[in-house]
Structure formats: C-alpha cells, structure tokens
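Asker: One structure, as structure tokens, below. Some questions next.
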Amino acid sequence: MLNISNEHALCISRYMTSTDKLVWDVSKGEWGVLRTGMMPTGRTNFPGGPDGTGLEIDKMSKGHLAMHFDTFIGQILTRIPAQDRRIFKVWFRMPYSN
856 MLNISNEHAL CISRYMTSTD KLVWDVSKGE WGVLRTGMMP TGRTNFPGGP
906 DGTGLEIDKM SKGHLAMHFD TFIGQILTRI PAQDRRIFKV WFRMPYSN
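For any residue, its number in the numbering used here is found by taking its place in the sequence shown, counting from 1, and adding 855.
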C-alpha cells in the first residue's frame, strides 16, 4: 500500500464523463488512480421504533443528509415556537460506522 501525503493527492472527479470515462491530459510522471465509492447494503437502521425504522441513508451525501435533517429535525422545529428554537446548540452526534 502506498503512503501518499495529502499535498500530492489529486481529486480527478472533474475529468470523469457522464459515462464514467476518465478523460484527463496527464502530465509526465508515474501515476496511480484509486477510485472509491459507496453503495447501499440494504441494512436497516437500529435501534428505531416502528415509525423510525428503515433503510440507512447515504451519510456521505450532503443532499441526503439535508433531506433527512429537514424531515426529522425540521419537523420537530415546526412544532417549537420560533423564540424557543435558540435552545438547540447541538442536534445530535452519531459516529459513522457500519
């Protein structure tokens, strides 16, 4: 396994086409390309009540997290008078693990 410092690592996502082809005019040198990704496993969250049990969300997606936040915490906030919402400093912390 190579050990590459952050200063030498490049994100080349912008060189990917819509058909997942890499189109990049690479400068001379020795390069290695590592492609990573995530996909759903089909596991349900735990613990959760009957109304809160379902498939896990993609925790690496800002859009999915925003939707989850809006439909969970957002619904709670709509029931709290605006002047009382300032009591919330931290919503929740949940380490990412699977």
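Think of the CB as a built atom: it goes at the ideal place given N, C-alpha and C, for glycine as much as any other residue.
This one's a predicted model, so the numbers in the text were calculated from it and none came from an experiment.
Reducing DSSP to helix, strand and coil, say where residue 922 ends up.
Answerer: For the purposes of this step, residue 922 is taken as residue 67 along the sequence shown, with counting starting at 1. DSSP places residue 922 in helix when its eight states are reduced to three.
Asker: Which residue from 898, 902, 916 and 894 puts its Cα closest to that of residue 910?
Answerer: Here the question's residue 910 lines up with position 55 in the sequence shown. It is 898.
Asker: Please state if the CB of residue 932 and the CB of residue 940 are separated by a distance shorter than 7 Å.
Answerer: Residue mapping note: residue 940 aligns to position 85 of the sequence shown, counting from 1. Residue mapping note: residue 932 aligns to position 77 of the sequence shown, counting from 1. Contact: yes.
Asker: Suppose the cutoff is 8 Å on Cβ atoms and the five residues either side in sequence are ignored; what does the same chain contact list for residue 907 look like?
Answerer: Within the sequence shown, residue 907 is the residue found at index 52, counting from 1. Answer for residue 907: 900, listed in chain order.
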